[in-house]
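Take a look at the structure below.
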Amino acid sequence: MFYVNDYYRHDEIIELAHQLIQIPSHPGVPHQEKDVAEFIYDYCGANGLEVQFQEVTGQRKNVLAFLRGSGTGNSLMLNGHLDTITPYRMTIDPFNEGVHSGYVWGRGAADMKGGLASMLITLLAYKRAGITPDGDIIFAGVIGEEGKSEGTECLINSGIRTDAAIVGEPSNYQYAIGHRGLEWFDVIFTGKASHSGSPDGGINAIEKAAEFIYRAKRDLYPKIRQREDEFMGVSLMNIGIIEGGLGQSTVADSCTVKIDRRYIPGETVQSVMQEYQEILDDMKEQDHQLHAEIRKSSANDTILSHPPLVTPMTEPIVHAVRSSIREVIKREPQITRGRGWTDAALLKVYAKIPTVVFGPGDIRMSHTESERIAIKDLINTTEIYARIIDNFCIKDKIMEIENPPWEY
Ligand SMILES: [Zn+2]
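Each residue of the sequence shown is one higher than the one before, counting from 8 in my numbering.
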């Protein structure tokens with residue numbers, strides 16, 4: 008029998024999570040994830056795991072570690088992002104708060120350096136136990152998930168394929184098999200500047216934008232909110248930023264409305280854009296001075312779009328995740344509905360890899376001023392990851408169901 012806890016010490020996973028947090032990897036850090044990728048590379052190498060870099064852009068790179076299988080059965084990817092968001096206004100030390108009160112603290116603790124630690128320790132425990140799974144287990148530490156998802160895009164383009172994948176975003180002992188797609192759009196209004204004392208010579212782009220927003224709220228919001236998916240919730244839009252104008256005494260010559268659109272199956276990037284275009288077309292019929300266009304925001308202008316995640320309940324990996332969580336928490340785990348976008352959608356849609364979102368920690372801790380992850384979550388999730396490999400990648404089970412759980 009294989010007991011994952013026999014093959015690593017709990018202080019090892021605490022230390023690893025803490026070390027990953029100590030290496031900043033947010034936007035603005037030179038080469039952003041480079042240092043954390045190199046740390047993982049060295050850590051895996053020192054522990055006898057096969058490891059390699061994957062160059063993505065500039066000096067930013069993914070890091071891949073492998074536990075080779077016998078080639079007789081299912082392979083699995085454990086995917087986690089190396090980047091974090093910026094430590095805005097944190098009330099704790101974002102990198103050196105350390106370990107106390109049952110938690111590891113700092114930027115990225117929950118989202119998702121704790122998840123990286125659980126994944127790496129799981130691979131390591133199998134390696135130390137000398138167990139060869141049926142298929143390869145691939146750890147993929149990827150860059151840029153909080154940005155354009157360049158890391159997972161590069162991973163997919165490199166041709167790496169597995170029979171299933173887990174994205175280790177914090178999920179609080181639940182798991183997600185669906186979430187909304189995400190696209191950012193700019194609606195750009197062009198007017199004509201003139202002095203506010205003689206406004207008739209100008210065209211006010213802000214007023215055009217205001218009319219657009221009014222119509223979107225009146226006509227589109229109610230329609231969008233009626234669309235619903237059982238795993239994702241309702242379709243959503245948010246106007247997050249409005250930019251425009253030259254000065255208080257000048258008729259505004261330009262105005263941009265920036266939209267975040269969370270869409271569900273049945274909608275596409277094209278159909279969603281078309282709905283905004285129809286509002287503009289309607290406005291143009293009544294207003295011949297209107298010049299407006301809609302395009303994808305440059306911040307979101309990647310080769311791959313960000314579609315919804317749809318992994319069918321019938322996929323074997325869904326069953327493996329569900330029963331593995333259940334074996335540890337001793338009750339049926341819930342499915343998370345309506346969570347935010349993750350790289351899981353790219354893996355499922357573009358690489359055709361059935362993917363489930365499951366990882367340690369509480370998503371409500373992500374991006375917070377006192378971000379932290381419970382030590383027991385790191386340990387329990389390592390147990391669950393080990394069981395997922397056992398359930399999905401090893402035909403003759405090696406773990407007992409009745410292994411007593413850590414108090415969770
Ligand atoms: Zn994340």
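Glycine included, every Cβ here is placed at the ideal spot set by N, Cα and C.
Proximity to E218 across E235, R232, P177, Q293 peaks at Q293, based on C-alpha coordinates. Under the three-state reduction of DSSP, N86 is assigned to strand. By a beta-carbon distance limit of 8 Å, V11 contacts A393. Their separation comes to about 4 Å. Proximity of the stretch 294-306 to the stretch 182-197 meets the contact definition, three or more beta-carbon pairs being nearer than 8 Å. The alpha-carbon separation between P34 and R333 amounts to approximately 37 Å. Bridge partners of L316 according to DSSP: H186. With respect to M239, G185 sits close: the two C-beta atoms are nearer than 8 Å. For H202, the distance from the CB to the nearest heavy atom of ligand 1 is not below 7 Å.
With respect to the C-alpha of G151, the residue from M126, L123, N69 having the closest C-alpha is N69. Of the residues assessed, Q39 falls on the buried side of the cut-off, its CB having 16 or more other CB atoms within 10 angstroms.
Closest by C-alpha distance to I47, out of P94, P140, Q59, is Q59. The C-beta separation of T197 from A216 comes to about 11 Å, leaving the pair out of contact by the 8 Å criterion.
In the pairwise beta carbon analysis, the stretch 269-284 is classified as not touching the stretch 134-149: fewer than three pairs are separated by under 8 Å. A check of alpha carbon separations from H107 across E22, E176, V264 identifies E22 as the nearest. Fully enclosed beta strand (DSSP E) runs of no fewer than 3 residues occupy 299-303 of the stretch 270-316, in order along the chain.
G121 carries a helical assignment under DSSP once its states are collapsed to helix, strand and coil. A straight-line Cα-Cα distance of about 7 Å links G345 and R187. Between the C-alpha atoms of V264 and V356 there is a straight-line separation of about 29 Å. Taking 8 Å as the upper bound for CB-CB distance, D141 and S77 are in contact here, some 6 Å apart.
Ranked by Cα distance from K359, the options R16, E282, L162 are led by L162. Straight-line spacing of the CA atoms in R379 and P367 works out to 11 Å.
Within the stretch 132-217, the complete beta strand (DSSP E) segments of 3 residues or longer fall at 144-149, 171-174, 188-197, listed in chain order.
Distance from the CA of R67 to the CA of F399, rounded to the nearest whole angstrom, comes to 32 Å. Taking 8 Å as the cut-off, the Cβ atoms of Y182 and I342 count as close. At a Cβ-Cβ threshold of 8 Å, F102 and G87 do not count as neighbours. Straight-line spacing of the CA atoms in H298 and Q284 works out to 12 Å. Only residues of its own chain outside the window of five on either side were considered, and among them W112, G113 have a CB closer than 7 Å to the CB of E104, listed in chain order.
Short note on M119: C-beta closer than 7 Å to some heavy atom of ligand 1. Counting along the chain, F73 sits inside the beta strand (DSSP E) bounded by residues 67-74.
By alpha-carbon distance to S256, the top candidate from H202, T139, K402 is H202. Ranked by Cα distance from E157, the options K224, Y221, G65 are led by G65. I30 and L353 have their alpha carbons spaced roughly 27 Å apart. Our two residues, M406 and M8, have alpha carbons roughly 6 Å apart in a direct line. Remark: C-beta atoms of N179 and D369 approach each other more closely than 8 Å. In summary, G204 is exposed, with fewer than 16 beta-carbon neighbours lying within 10 Å of its beta-carbon over all protein chains present.
Between the alpha carbons of I144 and P229 lies a gap of roughly 45 Å.
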